[in-house]
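Take a look at the structure set out below.
Chains as they are written, first to last, in our numbering: chain B, 662 to 811; chain S, 662 to 811; chain F, 7 to 85; chain V, 7 to 85.
And the structure:
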């Protein structure tokens, strides 16, 4: 079980090979792609920044929790850092297991937890020249009244 | 939306490219791999055979049902036919969508339906020299008392 | 009348062929199956099979027409 | 005592640096944050941040020791 960062495009073929297992019948992978809009704004590109020393520990804890919770064979997660363009892959999760149900469940668990717990930040650059840190700018714009509906 | 058969290894990179979409933020893929055992028996290799003219129609209906049921961008399914070895990929499903939840749900729906509805058959070859058509041999061995627990 | 029959998987092995043209009086797929089962000795019964007529799922009781292509579909196992 | 502070993302931009060594009497991360907020004018409040001490999640009220490295963690957005 390994969580890692990549500053260049994620090599999914190599990562997938690490999950091969003669006893595995199912393999599920998730890729997060950079969309051209978010919350009604047109996005041109992104930057990801991580607090890597803590993020790596938290990522490993998520993979260990997935392995404890679901009877899987292998799981990996790789997250990009740095500048990304539309359609680039921001994050990859792969899980192999004996039966497919566990691979789906574990893969979804891992990406959900990564998005909520791992200290990684995303700055969006918009077509009007603005930019902003996702989940931060609106909070900071209205710190006493933020409703976290975003 | 396309369902297809392949008699050579599935080109997942090309299939994935067909799902790219600047408005898609999530991509989920499933691969079915040939396991080295099934129902307690040691498996050496497999053969897949399809009733292709009906299977293609039924596969397209499944992809259309997934698109009607989940707000996805694109979906594809490719199934191998012919002889496969352990760890070979037997089937691939890929789905892209704006948000990841729909991609997970649709991908799982598609593979579940393909396994239950599409006229494809799998013959397993065991390490003791026996072979058998999955879901058929035990039924036919005890046609009056089959409990379908397999 | 002549009916085309295609066989797959276990049915193909037990029929010893992947297709045949049958000259039959069978009015329905059920009648045709019983006739061919007597000839080939299939191990699966009608309750374990589905039927397709002209590359579309059909019913055991629909009326067959000359030139139809019939497939008896054993339990599937894709994926 | 000296405390090392690292900044990421919005906090880094508002502090105008990615790290600094602070000579402080702050006993806890909460005290340290209030001191640095007065200096740098962070737009996020403590209720919107988490805190890490020495590359592990910590609490606002734990006791700081000389040489500790502190990070104020804004809302995350991985994936």
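From the three backbone atoms N, C-alpha and C, an ideal C-beta is built for every residue, glycine too. Predicted, not measured: the structure shown is a model, and the values here were computed from it.
Query                                                                                                                                                                              : Result
Is residue 17 of chain V helix, strand or coil when you go by DSSP?                                                                                                                : helix
Do you know how far the Cα of residue 695 of chain S is from the Cα of residue 666 of chain S?                                                                                     : 17 Å
Is it buried or exposed, residue 15 of chain V, if we count other Cβ atoms within 10 angstroms and call 16 or more buried?                                                         : buried
Residues in the segment 73 to 85 of chain F with C-beta within 8 Å of chain S's C-beta atoms, listed in sequence order?                                                            : 77, 79, 80, 81, 82, 83, 84, 85
So what does DSSP say about residue 708 of chain B, is it helix, strand or coil?                                                                                                   : strand
Taking Cβ-Cβ distances shorter than 7 Å, what residues in chain F pair up with residue 795 of chain S?                                                                             : 83
So for residue 759 of chain B, helix, strand or coil by DSSP?                                                                                                                      : coil
Is there a Cβ from chain F that is less than 8 Å from the Cβ of residue 743 of chain S?                                                                                            : no
Check this for me: beta carbons of residue 8 of chain V and residue 27 of chain V, under 8 Å apart or not?                                                                         : yes
For residue 692 of chain S, go through chain B and note every residue whose CB falls closer than 7 Å to its CB, in chain order.                                                    : 688
CB residue 689 of chain S to CB residue 83 of chain F, shorter than 8 Å?                                                                                                           : no
So, for residue 712 of chain S: in the same chain, excluding its five sequence neighbours on each side, which residues have a beta-carbon less than 6 Å away from its beta-carbon? : 780
If the cut-off is 8 Å on Cβ atoms, which residues from the segment 765 to 799 of chain B count as contacting chain V, listed in chain order?                                       : 772, 775, 776, 777, 778, 779, 780, 781, 782, 783, 784, 794, 795, 796, 797, 798
Are any of the Cβ atoms in chain V nearer than 8 Å to that of residue 729 of chain B?                                                                                              : no
CB-CB under 6 Å to residue 808 of chain S, same chain, minus the five flanking residues each way: which ones, in chain order?                                                      : Annotation note: pLDDT 42 at residue 808 of chain S (below 50); position unreliable, no value reported.
Is any beta-carbon of chain V found at less than 8 Å from that of residue 700 of chain B?                                                                                          : no
Could you compute how far the alpha carbon of residue 744 of chain B sits from the alpha carbon of residue 785 of chain B?                                                         : 10 Å
Considering only the beta carbon of each residue, do residue 33 of chain F and residue 65 of chain F sit closer than 8 Å?                                                          : no
Any beta carbon of chain B sitting closer than 8 Å to that of residue 814 of chain S?                                                                                              : Residue 814 of chain S lies beyond the range of chain S shown here (662 to 811); nothing can be said about it.
What residue from S:681, S:685, S:699 has the CA that sits closest to residue 783 of chain S's CA?                                                                                 : S:699
In chain B, what lies closer than 9 Å to residue 747 of chain S by C-beta?                                                                                                         : 683
Taking C-beta to C-beta, are residue 768 of chain B and residue 664 of chain B nearer than 8 Å?                                                                                    : no
Going along chain B, which residues have a C-beta under 8 Å from residue 62 of chain V?                                                                                            : 715, 718
Could you tell me which residues DSSP puts in a beta bridge with residue 703 of chain S?                                                                                           : S:698
Quickly, what does DSSP pair residue 735 of chain S with across the bridge? List them, please.                                                                                     : S:757
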